[in-house]
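Here the structure comes first, spelled out in structure tokens, and everything after it is commentary.
Below is the structure:
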């Protein structure tokens, strides 16, 4: 595993590292420029906040963009307590320690996974429409979010993504706390995290502007990325 990160920096109270998600995406794209000549690169964004960041990366690398939805599998009767996760493409991870400790029946896990899978499909259709999801098998996959606090969602998502057999997984985030980066770096082939501030507090803390991203913006960015992909394909055909 290879991690490309800057040193831990303690920023003064009130510091904003990035103007907005777009600026963060452009900075990450610059750090990922070495992938521009790599074949079969795809960019996956955790919606909704990761999409504006990932769009800038995909645009500058000339790579296709898609969403990657991760849903928690909550313990029966205690949905806030995670026993695993399921993600786009059907990858599933289960915390066996939790399952064994609580004696959760496999059928109950399957039922909850089916429910969350339907929610994933609903969200994907809302964002993507009827377009076919990107095939990641054998590809170099860049997974993007607008930041990570605990990294629990990303950790589950990366482990589920492995089940889809990508050639490499590269995790790219503008900022995250040092311990989260350390944990995730052991799960991916490359980690690109531009800043690791302490104390971290929250993702939005490090942006000048951090508006809520609406579904319509996600849909618009995916459509623009798809149009760019079609133009590149047309140009390649001459």
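Residue numbers (our numbering): 5 to 242.
Don't be surprised by glycine CBs; every beta carbon is placed ideally from N, CA and C.
query, result
"Residue 15 - DSSP class collapsed to helix/strand/coil", "Note that residue 15 has pLDDT 48, beneath the 50 cutoff, so the model's placement of it is unreliable and no number is given."
"Range covered by the alpha helix (DSSP H) that runs through residue 129", "110-132"
"Whether residue 151 touches residue 192 by CB criterion (7 Å)", "no"
"Validate contact between the segment 107-122 and the segment 70-79 using beta carbons, cut 8 Å, 3 pairs", "yes"
"Residue burial classification, residue 215 (beta-carbon count within 10 angstroms, cutoff 16)", "exposed"
"Uninterrupted beta strand (DSSP E) stretches inside the segment 151-203 (no shorter than 3 residues)", "172-179 and 194-201"
"Contact under 7 Å by Cβ, residue 91 with residue 74", "yes"
"For residue 49, the residue or residues it bridges with in DSSP", "71 and 148"
"Backbone secondary structure at residue 83 - three-state DSSP", "strand"
"Burial state of residue 209 (16 or more Cβ within 10 Å)", "buried"
"Span of the alpha helix (DSSP H) around residue 222", "219-241"
"Residue 41 versus 148, 241 and 144, residue with shortest Cα-Cα distance", "144"
"Reference residue 116; option with closest CA among 129, 96 and 104", "96"
"Own chain, CB closer than 8 Å to residue 225, minus 5 neighbours either side, in chain order", "55, 56, 59 and 69"
"Residue of 88, 147 and 118 minimising C-alpha distance to residue 104", "88"
"For residue 211, the residue or residues it bridges with in DSSP", "22"
"The beta strand (DSSP E) enclosing residue 97, as first and last residue numbers", "96-98"
"Cβ-Cβ distance between residue 155 and residue 188 below 7 Å", "yes"
"Rounded separation between residue 49 and residue 181 - CA only", "20 Å"
"Check whether residue 47 and residue 131 have beta carbons under 7 Å apart", "no"
"Start-to-end residues for the alpha helix (DSSP H) that takes in residue 65", "54-65"
"Bridge partners - residue 78, DSSP secondary structure assignment", "86"
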